[in-house]
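Have a look at the structure below, then the notes.
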Amino acid sequence: MGWIGETVDSIKSIKIRQLLTQAITLGMIVTSALIIWKTLMCVTGTESPVVVVLSESMEPGFQRGDVLFLHMTKEPIRAGEIVVFNVDGRDIPIVHRAIKVHERQNTGHVDVLTKGDNNDVDDIGLYADGQFWLHRQHIMGRAIGFLPYVGWMTIIMSEKPIVKYILIGALGLLVITSKD
Amino acid sequence: MHSFGYRANALLTFAVTILAFICAIASFSDNFSNQTPSAQIQILNINWFQKQPHGNDEVSLTLNITADLQSLFTWNTKQVFAFVAAEYKTSQNSLNQVSLWDAIIGEKEHAKFWIQISNKYRFIDQGHNLRGKDFNLTLHWHVMPKTGKMFADKIVMSGYRLPDAYR
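Note that the protein sequences, when read in sequence, are chains A and B.
With the UniProt record's numbering applied, the first sequence corresponds to residues 1 to 180, in that order.
With the UniProt record's numbering applied, the second sequence corresponds to residues 1 to 167, in that order.
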């Protein structure tokens, strides 16, 4: 009960200048996180330099909750590379391996067929109707590095939104009640 | 400055930093491993070689694959993904890579193997250019680490040729 009393007292005693300083500090933290994220996007050449593995189609190599670091260069896709792609009309990125590559003479256009390591069939069933190959514009990046388990926070927060709200609420309370 | 909250925060930050540092070092140590993989592939038989109704050539082969990939395993290796791809050029395509067989090797003991199988994935061309075609069989491997950077390499074996006529 004493803690609640203290919290109410500290909320009552906030002055305007202190509030503004705290708001600016918060804004700085959020902005620098955004700057780091955008810089990463530039350096790695992809729109999402880090993805979380959501399905079991690449087990035992990648489990659900693992984090993949992506990189995209002008080099054409080659067989065996692990690519992350979006199918037209669906917004969940898929992480699978390229098993067939056909590169055209002269134009350098590349047709790619992918398959998850743990799947029995290739991904033709996942592509859009009438699409048999992936092209460069579908591919977001190549996986070049990996960290296990780190992605579970993201999965928990997206599957149980209540956790997200509790976390943001607690952080907000902490910011308001801290004296510095 | 000495409340529980501050101490817990400092401890957590320190723990995460040390963890990230250890993961980076583990990944970096993979650069120092001495890797000497070896492989041999033999085509035992061309089972059949047809032009399919959709106009593309397809061939079915029986392969004999011998490989020793044990030296690729380090303490930071989770698995090695090995696959054999047929690589060839046609007048339309500057490069074709068709994966014929793959395997996930989870342990060092299984990395030295001999296997005789027909192709796991269909060897279909874009077009009908395969008659009399010279091609390479390449054994690729992708090492997936326990943490950190993944790396890949390959051994190219050339000198294979498809028959001049369908059968």
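Yeah, the Cβ is synthetic: ideal placement off N, Cα and C, and Gly gets one too.
Using only the alpha-carbon positions, how far apart do residue i and residue j sit?
i: residue 126 of chain B; j: residue 48 of chain A; result: 32 angstroms
i: residue 62 of chain B; j: residue 74 of chain B; result: 32 angstroms
i: residue 133 of chain A; j: residue 109 of chain A; result: 11 angstroms
i: residue 157 of chain B; j: residue 28 of chain B; result: 30 angstroms
i: residue 116 of chain A; j: residue 136 of chain A; result: 18 angstroms
i: residue 154 of chain B; j: residue 173 of chain A; result: 55 angstroms
i: residue 152 of chain A; j: residue 158 of chain A; result: 10 angstroms
i: residue 108 of chain B; j: residue 59 of chain B; result: 33 angstroms
i: residue 106 of chain B; j: residue 165 of chain A; result: 40 angstroms
Kindly indicate which three-state DSSP category residue i falls into: helix, strand or coil?
i: residue 82 of chain B; result: strand
i: residue 37 of chain A; result: helix
i: residue 136 of chain A; result: helix
i: residue 53 of chain A; result: coil
i: residue 156 of chain B; result: strand
i: residue 6 of chain A; result: helix
i: residue 17 of chain B; result: helix
i: residue 71 of chain B; result: helix
i: residue 7 of chain B; result: helix
i: residue 94 of chain A; result: strand
i: residue 79 of chain A; result: coil
Less than 7 angstroms between C-beta atoms, sequence neighbours within five positions excluded: which residues of the same chain meet that for residue i?
i: residue 126 of chain A; result: 87, 94
i: residue 40 of chain B; result: 66
Exposed or buried, residue i, counting other C-beta atoms within 10 Å across all chains shown (16 or more means buried)?
i: residue 48 of chain B; result: exposed
i: residue 66 of chain A; result: buried
i: residue 79 of chain B; result: buried
i: residue 99 of chain B; result: buried
i: residue 23 of chain A; result: exposed
i: residue 129 of chain A; result: exposed
i: residue 91 of chain A; result: exposed
i: residue 82 of chain A; result: buried
Output needed for residue i: all residues of its chain with C-beta closer than 6 angstroms, excluding positions within five of it in sequence on either side, in chain order.
i: residue 46 of chain A; result: 70, 72, 140, 141
i: residue 135 of chain B; result: 86, 88, 160
i: residue 64 of chain B; result: 42, 44, 116
i: residue 90 of chain B; result: 129
Going by beta carbon distance, what residues of the same chain come within less than 8 angstroms of residue i, once the five residues before and after it are set aside?
i: residue 112 of chain B; result: 67, 68, 69, 70
i: residue 200 of chain A; result: Chain A is shown from 1 up to 180; residue 200 of chain A falls before or after that span and cannot be answered.
i: residue 163 of chain B; result: 46, 49, 131, 132
i: residue 53 of chain A; result: 62, 63, 64, 65, 66, 67, 68, 95, 151
i: residue 163 of chain A; result: 156, 157
Just the chain C side, please: which residues come within less than 8 angstroms of residue i by C-beta, in chain order?
i: residue 104 of chain B; result: This model lacks chain C altogether, as its protein chains are A and B.
Is it true that the stretch 139-149 of chain B meets the stretch 145-155 of chain A, where meeting means three or more beta-carbon pairs spaced less than 8 angstroms apart? At 8 angstroms Cβ cutoff, the stretches touch.
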